[in-house]
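Everything below concerns the one structure shown next.
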Amino acid sequence: MIPSFPILPLRLVTGLVLFAACPLAPAFAQDSHILRLDDTPEDTVWRLQARVRHTTVITLPARETILDYVVGDAEYWHLTGSANVAFLKPVSADVETNIALVCESGRIYSFLVAESEDVDPHLVVRFHDPAAGDGTDGVSAPGRRGAHQPAFVARSRIQSYQTMANQARAEVQATRATAEEQVTAARDAAAEEIDAFRARYPLRIEFPYTLDRKAREWPFLVEAMWHDGQFTYLRSRAQELPALYERKDGEPSVVPYQVTDSGLYIVHRIVGEGWLQLGKERVRWRFTPPDPLP
């Protein structure tokens, strides 16, 4: 006996065939590797799972700027970052520690982190800030600055920076002008002192020494002898340096001197009567001090 089946309407049969031919869309599932957290009060400590050879990216609310990255076990955990983003990576298996992200606002975000091969790691951690109006999809609210996004600065702040830069430039120019004036003034003062010294120096020169006539002959070839009230000078073209002696208390005393390449002998004091000597040759000079002023 052939079984009978109920006859269905043609429209219903066509609809069933089309439904069976269409592929089913997969149902949305929450990714276990992404962890979304509410920006709860500061006394909260969040738990994170990590895995070796993987990096966990922690994104704080866009208003935050991380100043310091603190990790309890720096030997087995690496923690770095920039702006409001931190990067956490374990370097060994089955290790645990705590980390703290110290922000410019004064807020400290604290976490307990553990590495495990048996638990799916949190690769992306995002904070939801309801007060700021940003969603859990990681998109910032209009007008807010997220990580690595361009920032807009108020025109008044730019003008303030420009004003400070102009003031600094003006201070540098003023300081430079003052320094140049001081250098010029010092140079002028030194030039005046030199001119005054040159004007006074001829008045200080005296010629109280009378040399023997043969002092001008070879081998002494003395041209002049004088003093300026402080030093004694003797000009000679002698090829061999003579010795200078001064008579003190009736006894000869060697006079030390310096000599220049031009044959100028300089004694660092005023000498009295004495003589020059080369071997057995000797020429004398007499010293006649000027009369004291009345």
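Numbering of the sequence shown is given in the working numbering, commencing with residue 16 and proceeding in unit increments. Using N, Cα and C, we set each Cβ at its ideal position, and we do this for glycine too.
Coarse secondary structure for residue i, derived from DSSP in three states
i	result
residue 289	strand
residue 59	coil
residue 276	coil
residue 245	coil
residue 212	helix
residue 203	helix
residue 217	helix
residue 228	helix
residue 190	helix
residue 304	coil
residue 71	strand
residue 195	helix
residue 66	coil
residue 17	Unreliable placement is indicated for residue 17, whose pLDDT of 48 sits below 50; no coordinate value is reported for it.
residue 182	helix
Per-residue burial, residue i [other beta carbons within 10 Å of its own, 16 or more giving buried]
i	result
residue 73	buried
residue 225	exposed
residue 266	exposed
residue 136	buried
residue 165	Because the pLDDT at residue 165 is just 47, under 50, the model does not fix this residue reliably, and the value given afterwards should be weighed accordingly. Per the 10 Å Cβ criterion, exposed.
residue 173	exposed
residue 124	buried
residue 178	exposed
residue 181	exposed
residue 54	buried
residue 206	exposed
residue 116	buried
residue 200	exposed
residue 220	exposed
residue 269	exposed
residue 211	exposed
residue 95	exposed
residue 71	buried
residue 130	buried
Paired residues, beta bridge with residue i - DSSP
i	result
residue 173	Per DSSP, none; premise fails for residue 173.
residue 92	105
residue 240	249
residue 83	117
residue 222	Note: residue 222 sits in no beta bridge, so no partner.
residue 53	143
residue 267	262
residue 282	247
residue 126	61 and 114
residue 296	293
residue 100	74 and 97
Sequence-distant residues of the same chain with beta carbon closer than 7 angstroms to residue i, five excluded per side
i	result
residue 59	none
residue 194	none
residue 274	256 and 280
residue 272	259, 280, 281 and 282
residue 253	234, 235 and 236
residue 299	227 and 290
residue 43	Because the pLDDT at residue 43 is just 36, under 50, the model does not fix this residue reliably, and the value given afterwards should be weighed accordingly. Excluding residues within five positions, none has a Cβ falling inside 7 angstroms.
residue 214	none
residue 292	257, 258 and 260
residue 303	223 and 225
residue 93	104 and 106
Residue of the options minimising C-alpha distance to residue i
i	options	result
residue 122	277, 75, 280 and 207	75
residue 104	192, 98 and 91	91
residue 109	85, 67 and 100	67
residue 142	269, 130 and 61	61
residue 126	119, 262 and 102	102
residue 112	128, 98, 296 and 183	128
residue 249	213, 200 and 222	222
residue 69	89, 95, 88 and 106	106
Contacts around residue i, its chain only, beta-carbon distance under 6 angstroms, and the 5 residues preceding and following it disregarded
i	result
residue 251	236, 237 and 278
residue 285	242 and 247
residue 49	139
residue 82	117 and 119
residue 39	Here the model assigns residue 39 a pLDDT of 41, short of 50, so the residue's position is not dependable, and the following value carries that caveat. So no residue of the chain qualifies.
Proximity test, Cβ basis, 8 angstroms: residue i and chain D
i	result
residue 230	Structure shown: chain D not included; a single protein chain is present.
Cutoff 8 angstroms; reference residue i; Cβ partners in own chain excluding five residues on either side
i	result
residue 244	219, 221 and 285
residue 36	With a pLDDT of only 44 at residue 36, under the threshold of 50, the placement of this residue in the model should not be trusted, and no figure is reported.
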